[in-house]
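Reviewing the structure listed below.
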Amino acid sequence: MSVTVSMTVNGRPVSADIEPRTLLVQFLRDHLRLTGTHVGCDTGQCGACTVHLDDRAVKSCLLLAVQAQGARVVTIEGIARDGELHPMQTAFRDHHGLQCGFCTPGMVMAAIELATSNPNPTEEAIRAGLEGNLCRCTGYHNIVKAVQAGAAAMKR
Amino acid sequence: MNAPLIGQPVKRKEDLRFLTGSGQFTDDIALPGQARAYFLRSPHAHARIRSMDIEPARAAPGVVAVLTGADLARAKVGALPCGWLITDVNGKPMKEPPRPALAQDKVRYVGEAVAVVIAETLEQAKDAAELIEVDYEALPAVTRVADARKPGAPAVHEAAPDNVCYVWAIGDRAAVEKAFASAHHVTALEFVNNRLVPNAIEPRAALAQYSPGDDSYTLYVANQNPHVERLLMTAFVLGLPEHKVRVIAPDVGGGFGSKIFLYPEEIVITWAARRIGRPVKWTAERSESFLTDAHGRDHLTRAELALDRNGKFLALRVATTANLGAYLSTFASCIPTILYATLLAGQYTTPAIHCEVTAVFTNTAPVDAYRGAGRPEATYVVERLVDTAARELGIDRAEIRRRNFIREFPYQTPVALCYDTGNYEATLEEALRLADVAGFEARRREAEKRGKLRGLGFSTYIEACGLAPSNIAGSLGARAGLFEAAEIRVHPTGTVTVFTGSHAHGQGHETTFAQVVADRLGIPLENVDIVHGDTGRILFGMGTYGSRSIAVGGTAIVKALDKILAKGRKIAAHLLEASEDDIEFRNGAFQVAGTDRRKTFAEVALAAYVPHNYPLDRLEPGLNETAFYDPANFTFPAGSHICEVEVDPDTGAVKVVAFTAVDDFGRVINPMIVEGQVHGGLAQGIGQALLEGCVYDAESGQLLTGSFMDYAVPRADDLPSFKVATKETPCTHNPLGVKGCGEAGAIGAPAAVINAIVDALAPLGVRDIEMPATPERVWRAIQAAKAG
């Protein structure tokens, strides 16, 4: 049995026949081949699969693709504009906020939502806001710096 | 001319692909026609497999194949080898019970693979696996290191009825006994070094393809050393011709040791890819990572330090029992021996040291190298003893260290290593300053007014990196060489591709190594690309672990660059009609000394590939050189870590309020990347001290901490920002003067954190806290101390 699901992904309308149990992250990775969104734990605890669904950061391993029916989904592949990195992407590079790069897409997507809802986040607010995203490489030190800089740049 | 690149915080070349989602991790790769593998795993810690019925699974929708240990045995697939032979105190080799890729007859830990289902989709493979009926006869299990040698403990392997793999020792026992007999004071402690799960955020993954046209295989695998993976898999397990197998470790999402090793799943899918005639992909779920990635640490130790009345260390006596898990993983045997006991001198002149290590099998996942690998365990023993002894003797904790620091180099320790250089006072003094230790008492009093207990902890650690001089490693039991290889390919236009046997999985080699090359050749950084992680493109490599990449891999690159420049000098001498002796290379050009006659690096490269005016009678065309580098000694990074904590005595909650790390990594190529490596190591070290603990149920052998809900990997709000600085005492035996920085944080931090907690609680009479120092443990320690 399959169902038809339709949504907008990175500004592009997409539609596919999928098994109803297909997770949003599987739909993005396997059907659309948008492999920037990663799976780190399958259980909603690591945040590597974070994407934006109607402007809210969500863990795409915790949603069925059918739950995104009609929604606007944005992934890490969709945030640079006309070849220019999003200010949060630039800030992560400038502040060495990534090492192996595996948690990075989810971390950047979570950070953009955090900075959108709180344009002047303190270190404490950033640490609390990123509590749902695990990074094993950076110790978060440079991620915190990057998010602070990225939030400031997003206001410009 | 370019500005010098060495020592500059150059932004990373690799970042763009990761920030835009265009990295290529193993699970991101899809091959046409690929099938998906799912492994059925043992729910028992110890059981005999009476029978297995795979027929219903075979008939399930979408299933391509169901394969078991019996199939592997029929195909003569060998057992997984161990790369290091430890010789027992009695001169006997360690026990090496076979580790089959799929269980045969018996299972020995929860999660051990018993069958693989390969299907069109992962969901079909999983559904079919549920139809496999395994008739297990459950057997009693032993999981804890403290229980493994108890009389009557279940035997994990028939070949080791007492569960002992080996008893190994180092040092002069008689000298140690003598020193203890006349000591003014003895400080003794018992330690648990808690078992850890590495938890790289990218789960292990592999994708194997067989090409019948040329009888070759390609394996994509999340791995830290693809050539070693290939060698072990082809020569020892599958019996395939090495040159017919290409192993590619593409972007790898963190390793921390756990992706060094050859694992069963990679073997099974490579073998299965030929058998079913299709590519096969397997990606671990996080619960499989918890169950089957090689774990780390898990020691039980009794240690005693003998001192004279001035706090001078006279001798150290250590007895450790180390858990190896159910089977010997690739490097398991050398971690609690060669990489542990040899570090017990620390930064000190302790003249006599003896350490005995008993390594035991248990019904748990295999234990192997995890960030630091033996050295965090050694540092924990030494630094906990030193802080405790200082308190017992009433000596300031910085002062007792100063009184015992090694100051003359080279220094031969009583436990085999010879430190080439160091300046331990320099890192300690800088750490004392940065951490404002002078102001600590005021902060302690201020915290007390708020009802909080504040403590300060020190850890002045040493590590041995740059693994390793192959002949020394060989004499200690290594079954492989530990050199590194590099190739420098200069293209006709003067741009450069470097092929390195090191592998980056977060360390930033594509930037750091390019800095070294561009700096030496005087060419722009963007003209240099670093290629790693592919046996089809790289001549050879021993891979990345033990903070060895810059010291060994980087030096191999420098040696190859030397050959490039030597040949370039000959070519330039011909072009400039000068004597080779008069040619010097500087600012990116070969120049006749004392003149302005010069040929740029790119001009010489072009001449090498368009050899019209060229000494063809004496010199080959082309500009491509390789080098293998085997280090003369280990490198010895060292540093001082100072942790400041606040304990809430009502709840036992510990907050790290400040952490200062001053490290000596020798010469630093890219300080931004080095600091990042330190931050990450500190997070894992603080994680070990406060949060992380892998627990198996003692009776059932079930893994109780099998998810991120039960096993606390540090999150952003668990950690402070760090104060990090470096001192540079260049390594004396490699041309870059580098030592390595990847593991320092994880090595130094645990002792600093626990020393800080004990310092906070010492006024209550608390002398020790077991890691992880959870609120419950701290609260109980406070209650026990109060009860007297």
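Residue numbers (the working numbering), protein chains in the order written: chain A, -7 to 148; chain B, 233 to 1020. Backbone N, C-alpha and C fix where the C-beta goes; we use that ideal spot for every residue, glycine too.
- Contact note: Pro393 of chain B does not reach chain A at a C-beta cutoff of 9 Å; the least C-beta distance is about 39 Å.
- Interface flag for Arg128 of chain A against chain B is set, since a Cβ pair is found closer than 8 Å.
- Exclusion of the five residues before and after Arg478 of chain B leaves Thr450, Thr767, Gly768 as the residues of its chain whose Cβ lies within less than 6 Å of its Cβ.
- In the DSSP assignment, Arg268 of chain B falls within the unbroken beta strand (DSSP E) covering 267 to 273.
- The way I'd put it, the segment 629 to 638 of chain B doesn't touch the segment 587 to 597 of chain B; fewer than three beta-carbon pairs between them come closer than 8 Å.
- Under the 10 Å beta carbon count, Asn703 of chain B is surrounded by fewer than 16 other beta carbons and is classified as exposed.
- Exposed is the label assigned to Gln644 of chain B, since fewer than 16 other Cβ atoms lie within 10 Å of its Cβ.
- The C-beta distance from Glu975 of chain B to Ser779 of chain B rounds to 5 Å, short enough to fall under 8 Å.
- Nearest neighbour of Ala335 of chain B by Cα position, chosen from B:Pro1007, B:Lys324, B:Gly301, turns out to be B:Gly301.
- The alpha-carbon of Arg13 of chain A is positioned some 8 Å away from that of Ala57 of chain A.
- Taken through DSSP and simplified to helix, strand or coil, Cys875 of chain B comes out as strand.
- Counting only runs that start and end inside the segment 392 to 425 of chain B, the alpha helix (DSSP H) elements of at least 4 residues fall at 405 to 413.
- For Pro329 of chain B, no chain A residue has a C-beta closer than 9 Å to its own C-beta; the minimum C-beta separation is roughly 32 Å.
- Assignment of beta-bridge partners to Val748 of chain B by DSSP yields no partner.
- Taking a Cβ-Cβ threshold of 7 Å, the residues of chain A close to Asn431 of chain B are Arg128, in chain order.
- In this chain, the alpha helix (DSSP H) harbouring Arg507 of chain B covers 496 to 508.
- By the neighbour-count criterion, in which 16 or more other beta carbons inside 10 Å mark a residue as buried, Met(-7) of chain A falls on the exposed side.
- Contact annotation for Pro97 of chain A against chain B: Gly253 [CB-CB distance below 7 Å, chain order].
- By the neighbour-count criterion, in which 16 or more other beta carbons inside 10 Å mark a residue as buried, Thr744 of chain B falls on the buried side.
- Only residues of its own chain outside the window of five on either side were considered, and among them none has a CB closer than 7 Å to the CB of Glu758 of chain B.
- About 12 Å separates the beta carbon of Leu523 of chain B from that of Leu936 of chain B, a gap too long to meet the 8 Å contact definition.
- Three or more pairs of CB atoms, one per stretch, sit closer than 8 Å, so the segment 26 to 40 of chain A contacts the segment 88 to 102 of chain A.
- Three or more beta-carbon pairs separated by less than 8 Å link the segment 326 to 346 of chain B to the segment 388 to 401 of chain B, which places the two stretches in contact.
- His527 of chain B carries a strand assignment under DSSP once its states are collapsed to helix, strand and coil.
- Listed by position along chain B, the residues whose Cβ is nearer than 7 Å to that of Asp34 of chain A are Glu517, Arg518.
- Chain B places no beta carbon closer than 8 Å to that of Arg48 of chain A, leaving this residue out of the contacts.
- Interface residue (Cβ-Cβ distance to chain B less than 8 Å): Thr0 of chain A is not classified as such.
- Cβ atoms of Ile585 of chain B and Val408 of chain B come within 8 Å of each other, at about 7 Å.
- Residue pairing by DSSP places Pro325 of chain B opposite B:Thr319 in a beta bridge.
- Taking 8 Å as the CB threshold, Leu54 of chain A stays off the interface with chain B.
- Note that the segment 871 to 882 of chain B touches the segment 689 to 701 of chain B; at least 3 beta-carbon pairs, one per stretch, sit closer than 8 Å.
- For the pair Ile782 of chain B and Leu968 of chain B, the CB atoms are nearer than the 8 Å cut-off.
- Here Tyr341 of chain B is actually not in contact with Ala279 of chain B; their C-beta atoms are around 10 Å apart, not less than 8 Å.
- At a cut-off of 8 Å between beta-carbon atoms, Val136 of chain A makes contact with chain B.
- According to the DSSP assignment, Thr692 of chain B belongs to the beta strand (DSSP E) that extends over 685 to 694.
- Apart from the 5 residues on each side of it in sequence, Val298 of chain B sits with its Cβ closer than 8 Å to the Cβ of Ile286, Ala289, Arg290, Ala347, Val348, Val349, Ile350, Ala360, Ile364 in its chain, given in chain order.
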